[in-house]
Structures are given as structure tokens and as C-alpha cells.
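Below: the structure, in C-alpha cells.
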Amino acid sequence: MDWKFIRYGAILLKVVIYLNEVRPPRFASLTFQENHLSARFEWFVPDLLDKISRAREGRLGFLDSEKFYLSNNGYRMMLRLYPEKASGFLNCKERQKPVGIRFAITVFLQEILPPIASVRLENGVLVAKYSWILQDAAANIGLLQSREKNRLESSVFYSENQGYAMRLAMSLSRRNILSKDEQVVGLFWTLQAGQHDYALQWPFSSVVTLSVIGGVTSLQRVIIPGSSKCPMEAFDRPQSPNNEHSCGFASLLTLSELYSNYIHNDVLHIKVTITLS
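With the UniProt record's numbering applied, the sequence shown has no gaps in its numbers, which climb one by one up to 277 at the end.
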């Protein structure tokens with residue numbers, strides 16, 4: 001036996017086999033954003049200034065989040081943070097206080113096709129109808145009143161199969177009506193950049209009817225391209241994903257009228273009708 005191979009003592013080798021995860025795996029949150037199904041994962045890093053200090057001293061190279069899955073049977077991944085990649089990475093101006101920071105990653109998983117208005121024949125005229133059902137109306141209108149939002153918007157929808165893309169929006173403003181300061185509701189229609197714009201006729205020329213539906217009555221306003229007070233750009237082909245040119249009515253009715261006549265069980269029903277032929 002050659003003793004030179006054991007003169008430094010024994011070596012213990014351990015093999016560790018991972019059989020199952022003890023803790024339930026973490027999953028990203030699945031959400032619908034516009035026309036996409038997306039997965040979002042948030043990671044909170046406490047005591048960020050301490051991490052930066054340790055990185056500058058060479059005691060910390062990076063931080064890893066928990067491993068998580070994008071979806072069931074989906075990809076497994078993690079986030080990695082380098083607290084100090086360059087000078088001036090962070091200036092919180094609160095050197096004496098612990099600072100935490102929250103990171104988030106959003107992965108778009110699947111595109112979801114926008115809804116399409118229902119097409120029917122009414123009195124010999126082909127029309128497309130789309131209903132915007134605003135649930136939790138009081139809470140949503142409250143966002144307008146607190147100015148957390150400047151308008152409420154419907155989903156983007158198509159006037160017909162391979163038709164125009166559009167959406168509805170509701171706003172809230174103040175007007176002096178009969179020497180009384182009132183909150184008034186505005187209703188707007190906006191063309192959006194769509195998948196079939198290259199094959200459509202421009203400018204848009206169909207008559208659009210906006211309706212607020214109540215239990216007993218409904219309120220209607222008509223938009224006629226070419227003879228309305230709206231800018232002509234509102235009917236041109238949109239040049240960007242967020243079209244800034246809308247057409248509608250800034251003072252459609254007062255907020256009190258909306259609550260009295262059109263909001264029932266905290267639901268508001270708004271309908272648009274497009275004349276196709």
C-alpha cells in the first residue's frame with residue numbers, strides 16, 4: 001500500500017439526490033391585460049442599501065429570487081439582482097433608513113383575439129352592435145371622481161369579422177348648468193389600430209350610434225362622419241397603437257341622471273351600433 005495517498009486523512013464524499021420539492025412550488029400570477037394573457041411575478045428585496053454596501057465591499061455578488069413557474073407545467077425560472085453594477089446605481093437620499101424595493105417581471109404568454117360586434121339585419125339595414133357592460137359602476141366612477149383615471153375604457157373590439165378596430169370611453173368633468181355646478185358624463189368612440197386596416201376603406205364612413213341603456217328608457221346620440229363636429233382625424237386610419245383622436249359627446253348627461261336612470265344593481269350598459277350598409 002502506498003501511504004502517500006492517505007497521509008492527509010480521509011475524504012468524505014456525500015451524494016444528495018433531490019426527490020421532490022418540500023414546499024409547494026411558486027407560480028406567477030396569470031392576468032388578462034388588454035388582449036394578452038400574461039404571467040406576472042413580484043419579488044420584494046428588503047434592506048436594499050445593506051445589499052449595495054455588501055456588494056461594494058465584495059461580500060455579495062448577486063441575489064437570487066425564489067424559483068417560480070410561469071404557469072402549471074410551464075417554464076421554471078428565477079430573477080437575479082446585481083445590487084451594484086456601476087456607481088450611482090441608486091440614490092434614495094435616506095441613508096439612515098432601511099429601504100426595500102419590489103421588482104416584477106411580466107411575460108406575455110398568449111394573444112387573445114378581441115371581441116367582435118354581433119352583426120344583424122334590422123329593417124333591411126345591416127348593422128353591428130356591441131355592448132360594453134361596466135361592472136362595479138360606482139367604484140369605477142369613483143376612480144374618475146378621485147382623478148385616479150381620466151377616463152374609463154372598454155376593451156378593443158371589431159365592428160365585424162376583419163372589420164375596423166375601435167373602443168368606447170367614458171369621462172367625467174364639471175359644467176355650470178343653470179347656475180349650478182354639476183358633474184357631467186362624457187361618452188366617446190375611438191378607432192384603434194387593427195389587424196385588417198390595410199384592407200379597409202379610409203376614412204371611416206359608417207354612421208355610429210352611442211346608447212346608454214336604462215331599464216325603461218335609453219339615451220342615444222349619433223355620429224355621422226363628415227357632418228359631425230369631430231375632427232376629421234378621428235375617422236382616418238390610426239397611425240399609432242393609442243389613437244388620440246376621438247369623437248363623442250363631452251356633456252352627454254349629468255352624473256346624477258346616470259345614477260337615477262341608467263345604473264342598476266351597480267351595472268352600467270352602454271351600446272354602440274355601427275351601420276354597415
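We put the CB at the ideal spot given by N, CA and C, even for glycine. Note that the structure is predicted; figures quoted are calculated from it, not measured.
Along the alpha helix (DSSP H) that carries lysine 51, what are the first and last residues, could you check? Locating residue 51 in the sequence shown gives position 51, where the first residue counts as 1. Per DSSP, lysine 51 belongs to the alpha helix (DSSP H) from 48 to 56.
Pair within 8 Å by beta-carbon distance, glycine 184 and leucine 255: Mapped onto the sequence shown, residue 184 falls at position 184. Mapped onto the sequence shown, residue 255 falls at position 255. Reading off the sequence shown, one finds valine at residue 184, where the question assumed glycine. Going by C-beta atoms, valine 184 is nearer than 8 Å to leucine 255.
Report buried or exposed for alanine 199, applying the criterion of at least 16 other Cβ atoms within 10 angstroms of its Cβ. Residue mapping note: residue 199 aligns to position 199 of the sequence shown, counting from 1. Exposed is the call here.
Which value, in whole angstroms, describes the spacing of the CA atoms of alanine 138 and glutamine 195? Counting from 1 along the sequence shown, the entry for residue 138 is found at position 138. Counting from 1 along the sequence shown, the entry for residue 195 is found at position 195. Approximately 34 Å, taken between the alpha carbons.
Compute the beta-carbon to beta-carbon distance between lysine 129 and isoleucine 213, rounded to the nearest angstrom, for a pair I have assumed lies under 8 Å. The residue you call residue 129 lines up with position 129 of the sequence shown. The residue you call residue 213 lines up with position 213 of the sequence shown. The C-beta separation of lysine 129 from isoleucine 213 comes to about 11 Å, leaving the pair out of contact by the 8 Å criterion.
When you compare only the Cα positions, how much space is there between glutamate 94 and glutamate 42? Looking up residue 94 in the sequence shown gives position 94. Looking up residue 42 in the sequence shown gives position 42. Here the model assigns glutamate 94 a pLDDT of 47, short of 50, so the residue's position is not dependable, and the following value carries that caveat. Glutamate 94 and glutamate 42 have their C-alpha atoms some 24 Å from each other.
Considering glutamate 257, what are the terminal residues of the alpha helix (DSSP H) in which it resides? For the purposes of this step, residue 257 is taken as residue 257 along the sequence shown, with counting starting at 1. 255 to 261 is the extent of the alpha helix (DSSP H) around glutamate 257.
Which same chain residues, not among the five before or five after alanine 162, have their C-beta less than 6 Å away from its C-beta? Position 162 of the sequence shown, counting from 1, holds the residue named residue 162. It is worth fixing the name first, because residue 162 is glutamine in this sequence and not alanine. His196.
With a threshold of 16 other CB atoms inside 10 Å of the CB of leucine 126, please say whether the residue is buried or exposed. Locating residue 126 in the sequence shown gives position 126, where the first residue counts as 1. Counting other Cβ atoms within 10 Å of its Cβ, leucine 126 stays below 16 and is therefore classed as exposed.
Leucine 113: first and last residue of the uninterrupted alpha helix (DSSP H) it sits in: Counted from its first residue, the sequence shown places residue 113 at position 113. Element bounds for leucine 113: n/a, residue is neither H nor E.
I'd like to check one pair, proline 238 with proline 203: are the Cβ atoms closer than 8 Å? Taking the first residue of the sequence shown as position 1, residue 203 is located at position 203. Taking the first residue of the sequence shown as position 1, residue 238 is located at position 238. Contact: no.
Over the uninterrupted alpha helix (DSSP H) stretch that includes isoleucine 141, give me the two end residues. For the purposes of this step, residue 141 is taken as the residue at position 141 of the sequence shown. Start and end: 137 to 145.
Buried or exposed for asparagine 265, please, with buried defined as at least 16 other CB atoms from any protein chain shown within 10 angstroms of its CB. Looking up residue 265 in the sequence shown gives position 265. The residue is exposed, with fewer than 16 neighbouring Cβ atoms inside 10 Å.
Tyrosine 69 versus leucine 79 - alpha carbon distance: Within the sequence shown, residue 69 is the residue found at index 69, counting from 1. Within the sequence shown, residue 79 is the residue found at index 79, counting from 1. So the alpha carbons of these two residues sit roughly 12 Å apart.
If you compare alpha carbons, which of Tyr164, Phe108, Leu30 and Leu109 is closest to glutamine 201? Position 201 of the sequence shown, counted from the first residue, corresponds to residue 201. With distances taken between Cα atoms, glutamine 201 lies closest to Tyr164.
Tell me whether the beta-carbon of serine 159 lies closer than 8 Å to the beta-carbon of isoleucine 274. Position 159 of the sequence shown, counting from 1, holds the residue named residue 159. Position 274 of the sequence shown, counting from 1, holds the residue named residue 274. In this structure, isoleucine 274 lies closer than 8 Å to serine 159 by Cβ.
Starting from the C-beta of serine 131, find all residues in its chain whose C-beta is less than 7 Å away, skip the five residues before and the five after it, and write them out in chain order. Position 131 of the sequence shown, counted from the start, is the residue given in the question as residue 131. Setting aside the 5 residues that flank it on each side, serine 131 is surrounded in the same chain by His269 and Lys271, each with a C-beta closer than 7 Å to its C-beta; the list follows chain order.
First through last residue of the beta strand (DSSP E) which encompasses residue 278: In the structure as shown, the chain starts at 1 and stops at 277, and residue 278 therefore has no counterpart that could be examined.
Residue range of the beta strand (DSSP E) that serine 154 falls in? Locating residue 154 in the sequence shown gives position 154, counting from the first residue. First-last for serine 154: undefined, no H or E at that position.
Of the residues Asp47, Ala55 and Leu152, the one placed nearest arginine 102, counting alpha carbons only: Along the sequence shown, read from residue 1 onward, the residue named residue 102 stands at position 102. That would be Asp47, whose Cα lies nearest to the Cα of arginine 102.
Exposed or buried, which one is glycine 124 when buried takes at least 16 other CB atoms within 10 Å? For the purposes of this step, residue 124 is identified with residue 124 of the sequence shown, where counting begins at 1. Exposed: under 16 other Cβ atoms inside 10 Å.
Within 10 Å of its beta-carbon, does methionine 232 have 16 or more other beta-carbons around it, so buried, or fewer, so exposed? Numbered from 1 along the sequence shown, position 232 holds the residue referred to as residue 232. Exposed.
Helix, strand or coil at alanine 199 [DSSP, three-state]: To locate residue 199, count along the sequence shown from 1; it is residue 199. Alanine 199: helix per DSSP, three-state reduction.
Using the C-alpha atoms, what's the distance from cysteine 247 back to proline 115? Here residue 115 corresponds to residue number 115 of the sequence shown, with the count starting at 1. Here residue 247 corresponds to residue number 247 of the sequence shown, with the count starting at 1. Taking the straight line from one Cα to the other gives about 21 Å.
Contact under 8 Å by Cβ, serine 218 with serine 211: Mapped onto the sequence shown, residue 218 falls at position 218. Mapped onto the sequence shown, residue 211 falls at position 211. Taking 8 Å as the cut-off, the Cβ atoms of serine 218 and serine 211 count as close.
So the candidates are Gly142, Asn72, Ser146 and Arg167; which of them puts its Cα closest to the Cα of proline 241? Your numbering for residue 241 matches position 241 in the sequence shown. Closest option to proline 241, Cα to Cα, is Arg167.
Do alanine 169 and arginine 151 have their beta-carbon atoms positioned less than 8 Å apart in this structure? Residue numbering aside, residue 151 sits at position 151 when the sequence shown is read from its first letter. Residue numbering aside, residue 169 sits at position 169 when the sequence shown is read from its first letter. Going by C-beta atoms, arginine 151 is nearer than 8 Å to alanine 169.
On the three-state DSSP scale, how would you describe phenylalanine 204? Here residue 204 refers to the residue found at position 204 of the sequence shown. In the displayed model, phenylalanine 204 falls within coil according to three-state DSSP, outside both helix and strand.
Go ahead and label lysine 216 buried or exposed: buried means 16 or more other beta carbons lie within 10 angstroms of its beta carbon, across all protein chains shown. Reading the sequence shown from its first residue, position 216 is the one you call residue 216. Rather than lysine, the amino acid found at residue 216 in this sequence is valine. Its Cβ having fewer than 16 others within 10 Å, valine 216 is exposed.
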